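Undergrad:
Number of protein chains: 2
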Amino acid sequence: MEHLECIFCQKKFPLDIFDPFCPQCREPLLYPAPQKKRSFSPEKSLPLEKFLDFLPLLRVDPSLSLGEGNTPLLRLDHILKDFNLPPVFVKNEAHNPTSSFKDRGTAVAVQKAVSLGMGRIGTVSTGNMASSTAAYGAKAGLETLVLLKEDTPFEKLLLTGVHNPKLIRVRGDYGELFTKSFSIGRRHNIYFMNSVDPFRIEGYKLTAFEIFLQLDRQIPRFLFVPVSAGGHLAGLIRAFLDLRREGLAPFIPIVVGVQAQGCSPIAQAFASGKVKVERIKKAETIAHAISNPDPPAGNIVLRMIRENKGMIITVSDEEILEAQRILAELEGIFCQPASATVLAGLLKLSKEMKMDKNDPIVLVITGSGLKALESLKSLKTDALDSSLSDLEGTIDSLLT
Amino acid sequence: MEHLECIFCQKKFPLDIFDPFCPQCREPLLYPAPQKKRSFSPEKSLPLEKFLDFLPLLRVDPSLSLGEGNTPLLRLDHILKDFNLPPVFVKNEAHNPTSSFKDRGTAVAVQKAVSLGMGRIGTVSTGNMASSTAAYGAKAGLETLVLLKEDTPFEKLLLTGVHNPKLIRVRGDYGELFTKSFSIGRRHNIYFMNSVDPFRIEGYKLTAFEIFLQLDRQIPRFLFVPVSAGGHLAGLIRAFLDLRREGLAPFIPIVVGVQAQGCSPIAQAFASGKVKVERIKKAETIAHAISNPDPPAGNIVLRMIRENKGMIITVSDEEILEAQRILAELEGIFCQPASATVLAGLLKLSKEMKMDKNDPIVLVITGSGLKALESLKSLKTDALDSSLSDLEGTIDSLLT
């Protein structure tokens with residue numbers, strides 16, 4: 002019998018795939034670490050198999066994989082030089098199958114769904130998670146239900162629709178929809194793998210394990226990650242706690258969660274010393290992928306961040322767009338505005354605190370710029386027009 | 002002194018980075034295989050380093066990499082079952098930094114540019130190659146010039162523009178622009194790494210080496226690849242010839258180049274037994290990324306395909322869209338129409354010829370569907386609308 006645990010009530014409860022929340026305090030439940038000694042299997046090529054010991058799975062069915070993980074860790078040499086920083090690396094999760102980090106979590110949750118014999122999965126999402134769940138559901142041959150906000154743009158709908166899930170746009174409060182999905186799931190036998198699903202969160206750990214191996218078994222001093230529902234950050238911290246518990250690493254990084262100023266409920270609670278995140282009324286930011294006014298794992302994030310000496314900071318839309326531009330122009334990396342928050346956060350924090358020149362910093366890029374082209378609509382490109390016969394003169398005028 | 006060779010004139014010429022064409026017959030020159038024994042370095046993590054022996058580079062500068070390669074090989078279980086085929090795998094090159102196979106070639110050409118001390122690079126492109134070259138040029142800190150067709154849509158312009166290259170839309174004949182770019186490059190010291198650049202072509206070999214290793218050092222019986230300018234197919238065949246030459250593989254696959262019916266100059270020449278590809282007048286296909294009416298490596302492809310018992314086939318736009326749909330709905334893979342040609346080609350060929358049940362087939366997916374959303378504009382998604390209170394009933398009506 003599998004159990005989940007509540008880190009607030011410090012109790013374990015039998016796994017109920019249709020309601021992964023604490024029966025007492027209604028906080029999201031997490032998958033407890035096993036008693037046994039765990040280790041990596043570096044000879045395996047599939048990340049799920051390489052880190053199987055650290056996952057809530059008995060075995061991995063490779064036929065359910067879309068090739069998630071094995072993403073690059075890139076050193077940002079130009080930014081280092083221009084901003085006089087310690088070694089900064091980007092872990093680029095946009096290289097995943099549906100171009101966002103969500104695939105890490107979906108991959109594990111779908112393995113679980115199939116191992117439990119579930120024929121139906123679902124998700125409530127505004128974007129990245131929808132297309133990820135639809136793609137993995139298709140690959141696994143599962144009946145897949147995707148519930149989207151009423152105002153989801155047609156283009157976002159398409160990215161999910163291509164995989165032919167059952168797709169419903171729902172009018173009404175998004176937080177209520179999130180809660181309601183679980184009761185509907187129980188009655189209709191649909192495993193809703195939403196943002197704070199405990200198996201999804203375990204999947205996010207693999208990003209941290211890969212960073213650790215890519216840094217030659219070194220732990221970064223700082224790790225920056227965008228924060229929305231909170232599941233991603235929770236998974237990353239849990240991975241470093243696992244490494245410390247297994248004696249593989251002496252400490253865990255200072256994890257810096259970054260939110261957009263226009264939607265920063267967790268940062269606000271962190272700044273004011275509260276233990277509970279309060280829902281904010283109006284969310285308004287260009288970083289749509291992290292615009293969550295009522296983050297379900299907000300309290301978990303607050304607690305984990307405080308217990309492990311991390312922090313939650315905010316950046317403005319202007320800082321986000323500037324960071325997106327810097328990454329694209331200086332480092333050749335085109336990411337979503339939500340992902341650019343990590344560089345914006347680093348540039349902000351590096352002005353406020355001293356960073357040791359020898360301490361590596363890792364920024365987690367969560368999604369591709371291709372999935373948020375609307376953020377560029379206002380960008381004027383400096384393209385020139387020229388005829389073939391005038392071309393040489395035009396080029397001449399452009400070169401430095 | 003480095004040399005390039007003409008496979009038609011069978012002569013070698015000193016490398017001229019500004020004009021990689023045969024001085025005698027004007028066909029594209031290729032990088033000759035060295036005399037020395039070559040082998041893989043599997044302990045390296047960067048693909049450029051793992052296969053360095055097979056590349057026209059003395060060393061690799063990791064700081065120029067954007068994390069190209071290490072792309073997944075996925076088995077298409079549902080398609081196998083539904084269409085009663087031998088084991089079919091997809092090599093998904095959409096997992097590259099700018100979401101297309103072009104990054105494999107750009108990565109090598111940019112290494113070469115830097116090793117030669119070039120400060121300026123350029124390309125002539127209609128899409129994928131433009132964003133790839135702009136991204137790698139940014140990462141390397143090179144002045145980068147991108148020449149685009151006059152009618153390039155604003156959205157495609159953006160994908161390149163984010164990296165801030167010098168961008169010019171050129172009025173006039175595209176083939177003429179391709180030719181003219183080299184003479185301008187010489188006068189202005191710009192290394193134009195266009196579609197059939199010899200270093201680019203060597204970069205494409207790495208895809209084949211990875212397939213070989215991912216199949217546990219087995220050679221696929223068939224390899225399907227979309228064909229546009231011809232450089233990609235040429236690179237893949239050269240990789241398998243390398244493996245045979247080094248005694249690593251006993252034979253090379255039957256390479257099947259696939260073109261769209263609406264733009265199939267190489268397939269037409271192949272079918273009619275000609276040795277030279279004739280430029281076609283009007284290109285009209287939904288597969289924009291392979292719509293090249295005057296492919297510069299067309300004659301090379303014809304010769305390589307004939308010498309190695311491959312074939313060039315065509316598929317219709319309907320077959321392409323159907324294959325794109327099948328990949329997305331049954332296998333969770335969302336690719337460009339140009340990439341879906343490989344599955345369309347397999348489905349067509351499998352009706353016409355017997356394929357042995359034990360012979361693995363590999364389809365090379367060249368680019369992400371995210372880069373060609375316009376192909377979906379006509380797709381009607383079956384999204385339903387529902388209020389929160391009606392949701393359960395709506396879901397009930399949808400479930401099978």
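First to last, the sequence lines map onto chains U and W.
Heads up, the first sequence is in this note's numbering, so the first residue is 2 and it goes up one at a time.
Heads up, the second sequence is in this note's numbering, so the first residue is 2 and it goes up one at a time.
Don't be surprised by glycine CBs; every beta carbon is placed ideally from N, CA and C.
Keep in mind it's a predicted model, so treat the numbers as computed, not measured.
1. Which two residues bound the contiguous alpha helix (DSSP H) that contains Phe155 (chain W)?
2. Is the CB of Arg170 (chain W) under 8 angstroms away from at least one CB in chain U?
3. Mapping the DSSP letters down to three states, classify Val115 (chain W) as helix, strand or coil.
4. To the nearest whole angstrom, what separates the beta carbons of Ser229 (chain U) and Asn293 (chain U), a pair I think is in contact under 8 angstroms?
5. Can a CB atom of chain U be found closer than 8 angstroms to the CB of Ala131 (chain W)?
6. Whole angstroms are fine: how far does the CA of Thr107 (chain U) sit from the CA of Ser116 (chain U)?
7. Would the beta-carbon of Ile169 (chain W) fall within 8 angstroms of that of His189 (chain U)?
8. Below 8 angstroms, how does it come out for the region 164-178 of chain W and the region 95-106 of chain U: are there three or more Cβ pairs, yes or no?
9. Might you give, ordered along the chain, the residues of its own chain that have their beta carbon closer than 7 angstroms to the beta carbon of Cys336 (chain U), omitting 5 neighbours on each side?
10. Just the chain U side, please: which residues come within less than 9 angstroms of His189 (chain W) by C-beta, in chain order?
11. Looking at the secondary structure, which residues open and close the alpha helix (DSSP H) in which Met2 (chain U) lies?
12. For Thr127 (chain W), does the three-state DSSP call read helix, strand or coil?
13. Using beta carbons (cut-off 8 angstroms, strictly below), is Gly231 (chain W) in contact with chain U?
14. So Ile306 (chain U) and Phe271 (chain U) are in contact, right, with Cβ under 8 angstroms, and what is the actual spacing, rounded?
15. What are the residues that DSSP puts in a beta bridge with Leu86 (chain W)?
16. Compare the beta carbon distance of Ala284 (chain W) and Gly258 (chain W) with 8 angstroms and say whether it is the shorter of the two.
17. What's the C-alpha gap between Asn359 (chain U) and Ser126 (chain U)?
18. Could you pull the DSSP bridge partners for Cys336 (chain U) from this structure?
19. Which of the three DSSP states is assigned to Tyr137 (chain W) in this structure?
20. Select from the region 130-157 of chain U all residues with a C-beta closer than 7 angstroms to any C-beta belonging to chain W, and list them in chain order.
21. Among W:Lys157, W:Gln112, W:Met356, which has the Cα closest to the Cα of Leu81 (chain W)?
22. From the DSSP secondary-structure annotation, give me the bridge partner or partners of Ile122 (chain U).
23. Report back the beta-carbon spacing between Gln260 (chain U) and Thr315 (chain U) to the nearest angstrom; my notes put them in contact at under 8 angstroms.
24. Just the Cα atoms here: how many angstroms apart are Met354 (chain W) and Ile321 (chain U)?
25. Quick one: does the C-beta of Lys277 (chain U) sit closer than 7 angstroms to a heavy atom of the ligand NAD?
26. Does DSSP classify Ala250 (chain U) as helix, strand or coil?
27. To the nearest angstrom, how far is the alpha carbon of Asn129 (chain W) from that of Lys150 (chain U)?
28. Beta carbon of Val256 (chain U), beta carbon of Leu244 (chain U): below 8 angstroms?
29. According to a CB-to-CB cut-off of less than 8 angstroms, which residues of the region 173-187 of chain U neighbour chain B?
30. Could you give the first and the last residue of the continuous beta strand (DSSP E) run that contains Lys167 (chain W)?
31. Can you list, in chain order, the residues of the region 359-390 of chain W whose Cβ is nearer than 8 angstroms to any Cβ on chain U?
32. Using 8 angstroms as the threshold, is the C-beta distance between Leu331 (chain W) and Leu347 (chain W) below it?
33. Does any C-beta atom of chain W lie closer than 8 angstroms to the C-beta of Pro254 (chain U)?
34. Mind checking which residues open and close the beta strand (DSSP E) that includes Gln260 (chain W)?
35. With contact counted as at least three CB pairs below 8 angstroms, one residue from each stretch, are the region 210-219 of chain U and the region 183-200 of chain U in contact?
36. State whether the region 57-76 of chain U contacts the region 64-84 of chain W, with contact taken as three or more CB pairs (one from each stretch) at a distance under 8 angstroms.
TA: Checking against the coordinates, here is how it stands:
1. 155-162
2. yes
3. helix
4. 4 angstroms
5. no
6. 14 angstroms
7. no
8. no
9. Ala95, Gln325, Leu328, Ile366, Gly368, Ser369, Gly370
10. Glu393, Ile396, Asp397, Leu400
11. Counting along the chain, Met2 (chain U) falls outside any alpha helix (DSSP H), and DSSP gives it neither H nor E.
12. coil
13. no
14. 7 angstroms
15. Paired residue(s): none; Leu86 (chain W) is not in a bridge.
16. no
17. 40 angstroms
18. U:Ser369
19. helix
20. Ala136, Tyr137, Ala139, Lys140, Gly142, Glu144, Leu146, Glu156
21. W:Met356
22. U:Thr145, U:Tyr192
23. 5 angstroms
24. 55 angstroms
25. In the structure on display, the ligand NAD does not appear, and there are no ligands present to speak of.
26. coil
27. 32 angstroms
28. no
29. This model lacks chain B altogether; the protein chains it does include are U and W.
30. 167-172
31. Ser369, Gly370, Leu371, Lys372, Leu374, Leu377, Leu380, Thr382, Asp383, Ala384, Leu385, Asp386, Ser387, Ser388, Leu389, Ser390
32. no
33. no
34. 255-261
35. no
36. yes
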